[in-house]
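No gaps in the numbering here: position 656 of the sequence shown is 655 in numbering that gives the first Met the number 0, and each next residue is one more. The structure appears right after this line, and notes come after that.
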Amino acid sequence: MPIQLQEFAKQVLFGTTIEEKLSFPREAIIDTKPGEAMRTPRTLTRPKHLMLREDGVRASHPSIAKLESEKERGRLLHFFGNHELLATELMALVLLKFPEAPASFRRGVLETLKEEQIHTRMYMHRMQQCGVEFGELPLSDYFWKSVSSMEDPLDYVTRLSLTFEQANLDYSREYAKIFYGVGDPDTAKILDKIYRDEIDHVGFGLKWFRKWKAYGKTDWEAYRERLVFPLSPARAKGNDFNQQGRQDAGLELGFINDLKIFQQSKGRTPSVYWFNPHAEQYAAPHSDQVIATNSELQTDLAYLPAYLSRKDDLLVMEEPPSPSFLQQLHSYGFHLPEIIQTRQNDKAPVIDRKLADIRPWAWSPDSVSFFKDTLPFVTKPTQNKQLWNSETRTLFSKTWCAQWAKQNGRATVPSCPDTALPSSNKGGPRPRLTAEYDADRPEAVPPSLNIDWLAPIKVYGKPAKDLETLKALRAHYQSLGYSNIVCKAPFGTAANGNRCIMESDTIDELTIKWLNVIWATQGEVLIEPWLNRIFDCSAQYERRDQQTNCIALTRMLNNPRGQFRGILTNGFCKGLSSELVRFLMKRIEGRPRIYHYYENVLTPLLNATLSAIDYEGPIGVDAFVYRNNEDALRLKPIVEINPRYTMGRIGHELSHRNAPSSVGLFEILSKSQLKKSPYQSFSDYCAALIMEQPVRLNSDHKPRILTGSFPLTDPEAARHFLALYHVRAHVSELPHIS
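In structure tokens, the structure reads:
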């Protein structure tokens, strides 16, 4: 005797045994009495051992490395089995909630439900063979909560067919390969079967989605509009994006490409990034007036913080990059942050969701103002005065930096006179100040201090508040053997805040005009010897949760005037003279001394200073090696302290995409440099560059870059600046590197 579809759906949804939920009747199923529409039950009926956990308790997901173990494979199948059972129950629910849906739709859901029952049984049988019983691990209710609130059949196909089942086009194929790889063809064949079925399931949902979606909308537009946060298209894909499977299911190439580059958090609380490169100008005294918010530098390089971000993080930009640019980056293995668009760079858009933290390029008056309305959404809200105050302003001052460097630049770890700074270096040696010793007078240095390689105190600058003092300091440094000097604006960058005065130079009218502007706006100018620098580097620090960590040392390339040219990645000492390598890499306590200095000596000193003002965030410490008048190498370890992200930090993050043996160069190409090339636009320049140096990836599970050149910011949108990255097998093959 035939049974009604409604009765069968109730058996599956409300069954109290696994047999009721997974048995498919031999009798014919008819749909002549669909019944009244049913509301979603408050809780899902299941056998006691298969009840969903509503308290957030979850089983840990086995890592790929653990899948060599049969027991761990069984644990993974436990996850998959719950997903298939939930899909079965949700399909029963849609049949009961929407009895008026078209008959052919209801018949299609029934056929899909039958296949989901089979999938569940296959997983149950295989996990049992692996020594795992279905129900022995906590079962997540995420699928149920995400789909069961559906208000119409369009919601159903959008959420289940085009989101969770579409994601399984990736997961089933990915894990089939993994199981074949660990010698488990039995499980791999189950996943092969499920993969083929999922193609049909997605195709079924897509057919009805197109029939019911809003008129005039593309599939992608309609799909995005139907999903309500926290559910998003990010849930419709796995780790290994499967384009062919989606095409086989009938999805259009435009939809597939848009999904491939779409990003939004799947549950992790994201951080928010924003590029504000004018922090020094805003930090200067009397800078309350608004600086041009839509500067060429800020607009063209707005995507750079993407390389600082982690998966699921947000990046605020005026204009998102082009899809073709994002697709290119994605193909090279870069993750893509979710882009939050702002109409203007003076106020962040409303981000109405929980945020882990906010990470602008720098905390300065402009970023505090920009994120004023966003701060309440941070999980640990911070007051504006904690982010910006007079003490934070001081960190930006080069005059303060010079004074701090005099006190701390010659600290050392071994025992010496008792002049210790406070230190949070738990249990470690406390750095000692040795400012009274002069590295240019070796006879004055006790051998145990090992500071003969550090610059003497006299090379650190002194402030001048007027022209007369400047001239006196120039004469003072000349008497010490330093013929050339550099004048630095306390709140400025090497690009626009420095003026060099060589031995033979007179102080001309243009220089005096510049000096007068700095004196009028900032009160003083820092005067330092201009040294014969031969190697530039930068130490990258991060202070979070009251601890300062040294992240990396990066090698900088500067022009003769100390202005930024680029960052060399994965090649700190490559291509250097043997003399310079020996100087940098001489061992102290088992570590190259330059690393030992920044990790063991400077870290606790920085932490003590930053702790006193409650600063948290990134810090960059610029340094260089120079040759003194006796032709000896010296390290000036503290040239500038930058309380912000730096190009060196970007370079460090980019280095993670290099293949282990490859080196990279991160550089900024300016419009003036472009004009010297045969190309009319940044787009033309990049097209030729990529054709000449196409990207080649290695064969790692997560491929990394062997060689190639490509843009880091969108060349189609660039007007004045473009970030580029070059990767080569040898440092001598990089552009501009000899």
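Quick reminder that beta carbons are idealized off the backbone N, C-alpha and C, glycines included. Remember, it's a predicted structure, so these values are computed and weren't measured experimentally.
Sorry if obvious, but does the Cβ on residue i come closer than 7 Å to a heavy atom of the ligand FMN?
{"i": "Y281", "result": "As far as ligands go, the structure on display features none, and thus does not contain the ligand FMN."}
From residue i to residue j, what distance separates their C-alpha atoms?
{"i": "L49", "j": "F133", "result": "8 Å"}
{"i": "M501", "j": "I484", "result": "6 Å"}
{"i": "A631", "j": "V580", "result": "14 Å"}
{"i": "E295", "j": "S680", "result": "16 Å"}
{"i": "Y214", "j": "T119", "result": "37 Å"}
{"i": "S669", "j": "F720", "result": "5 Å"}
{"i": "R358", "j": "L205", "result": "39 Å"}
{"i": "V108", "j": "L94", "result": "8 Å"}
{"i": "S145", "j": "V694", "result": "40 Å"}
{"i": "L303", "j": "F254", "result": "26 Å"}
{"i": "S708", "j": "W211", "result": "45 Å"}
{"i": "E67", "j": "V181", "result": "6 Å"}
{"i": "K310", "j": "A355", "result": "13 Å"}
{"i": "S160", "j": "I17", "result": "24 Å"}
{"i": "S147", "j": "I177", "result": "32 Å"}
{"i": "L230", "j": "V156", "result": "14 Å"}
{"i": "P300", "j": "K192", "result": "Correcting the residue type first, residue 300 is Leu in the shown sequence and not Pro. C-alpha separation (whole angstroms): 47 Å."}
{"i": "A401", "j": "V638", "result": "7 Å"}
{"i": "P636", "j": "L472", "result": "22 Å"}
{"i": "R747", "j": "L85", "result": "What the structure shows of the chain is the stretch from 0 to 737, and residue 747 is not part of that stretch, so it cannot be assessed."}
Taking the alpha carbon of residue i as the reference point, which residue from the options has its own alpha carbon closest?
{"i": "K353", "options": "S270, A305, T520, S368", "result": "S270"}
{"i": "G202", "options": "L168, T706, R727", "result": "L168"}
{"i": "N497", "options": "N606, T520, I526", "result": "I526"}
{"i": "W360", "options": "R648, L21, R57, P677", "result": "R648"}
{"i": "S389", "options": "F370, K405, W403, W362", "result": "W362"}
{"i": "Y540", "options": "G561, L601, R592", "result": "L601"}
{"i": "V516", "options": "A283, D621, Y625, A100", "result": "A283"}
{"i": "D621", "options": "S577, L634, L252", "result": "L634"}
{"i": "A102", "options": "C400, F534, T341, P33", "result": "P33"}
{"i": "T298", "options": "D345, K236, Y179, K216", "result": "D345"}
{"i": "P137", "options": "S59, Y179, L4", "result": "S59"}
{"i": "A611", "options": "Q562, L673, K20, Q545", "result": "Q545"}
{"i": "E99", "options": "S503, E150, S139, N238", "result": "E150"}
{"i": "T505", "options": "K470, A233, P603, N531", "result": "K470"}
{"i": "D465", "options": "N606, A488, G266", "result": "A488"}
{"i": "A538", "options": "N531, R532, L552, D312", "result": "L552"}
{"i": "Q521", "options": "Q477, Q406, R590, W399", "result": "W399"}
{"i": "P659", "options": "I704, Y678, H700", "result": "I704"}
{"i": "P455", "options": "R560, K675, R626", "result": "R626"}
{"i": "Y331", "options": "I689, P617, W403", "result": "I689"}
Ordered along the chain, which non-local residues of its own chain (more than five positions away) have a Cβ less than 6 Å from that of residue i?
{"i": "P61", "result": "E71, R74, L75"}
{"i": "D365", "result": "N275, Y281"}
{"i": "A278", "result": "A361, S363, R643"}
{"i": "S414", "result": "Its pLDDT being 34, under 50, S414 is placed unreliably in this model, and the value from its coordinates should be taken loosely. Nothing listed; no residue qualifies."}
What distance in whole Å lies between the Cβ atoms of residue j and residue i, which are believed to be in contact at a cut-off of 8 Å?
{"i": "C129", "j": "E69", "result": "5 Å"}
{"i": "N569", "j": "N657", "result": "5 Å"}
{"i": "L740", "j": "I450", "result": "It is not possible to answer for residue 740, since the shown part of the chain is limited to 0 through 737."}
{"i": "Y614", "j": "R542", "result": "6 Å"}
{"i": "F13", "j": "T39", "result": "About 12 Å separates the two Cβ atoms, so there is no contact after all."}
{"i": "T756", "j": "M126", "result": "The structure shown has nothing for residue 756, since the chain only spans 0 to 737."}
{"i": "T662", "j": "R727", "result": "According to the sequence displayed, residue 662 carries Val and not Thr. Sure, about 6 Å apart at Cβ, within 8 Å."}
{"i": "I339", "j": "L314", "result": "7 Å"}
{"i": "R234", "j": "D140", "result": "Not really, about 15 Å apart at Cβ, beyond 8 Å."}
{"i": "D312", "j": "A347", "result": "Not quite, the Cβ-Cβ distance comes to about 15 Å (not below 8 Å), so this is no contact."}
{"i": "F187", "j": "Y179", "result": "In the sequence on display, residue 187 carries Ala and not Phe. That pair is a contact at about 4 Å."}
In its own chain, which residues sit with a C-beta less than 8 Å from the C-beta of residue i, not counting the 5 before and 5 after it?
{"i": "G426", "result": "Its pLDDT being 38, under 50, G426 is placed unreliably in this model, and the coordinates cannot settle the point."}
{"i": "D351", "result": "F376"}
{"i": "E652", "result": "Y306, L307"}
{"i": "V730", "result": "L567, G570, K573, G574, V662, I736"}
{"i": "D5", "result": "Note that residue 5 is Gln in the sequence shown here, rather than Asp. If we look at Q5 and ignore the five residues flanking it on each side, its Cβ neighbours are D30, K32, P33, G34, L94, L95, P98."}
{"i": "E26", "result": "M0, P1, I2"}
Ignore the nearest five residues each way along the sequence and tell me which others in residue i's own chain have a CB closer than 7 Å to its CB.
{"i": "E747", "result": "The structure shown has nothing for residue 747, since the chain only spans 0 to 737."}
{"i": "E197", "result": "E164, N167, L168, S171"}
{"i": "P734", "result": "L664, H725"}
{"i": "A8", "result": "A91, L94, L95"}
{"i": "F240", "result": "D169, K259"}
{"i": "K457", "result": "L479"}
Stretch-stretch touch, CB-based, cutoff 8 Å, three pairs: the region 267-282 with the region 230-250
Result no; under three Cβ-Cβ pairs closer than 8 Å.
Measuring CB atoms only, is the region 709-725 touching the region 323-343, in the sense that at least three cross pairs come out at less than 8 Å?
Yes, since at least three Cβ pairs between the region 709-725 and the region 323-343 fall closer than 8 Å, the two stretches touch.
With contact counted as at least three CB pairs below 8 Å, one residue from each stretch, are the region 112-128 and the region 79-88 in contact?
yes
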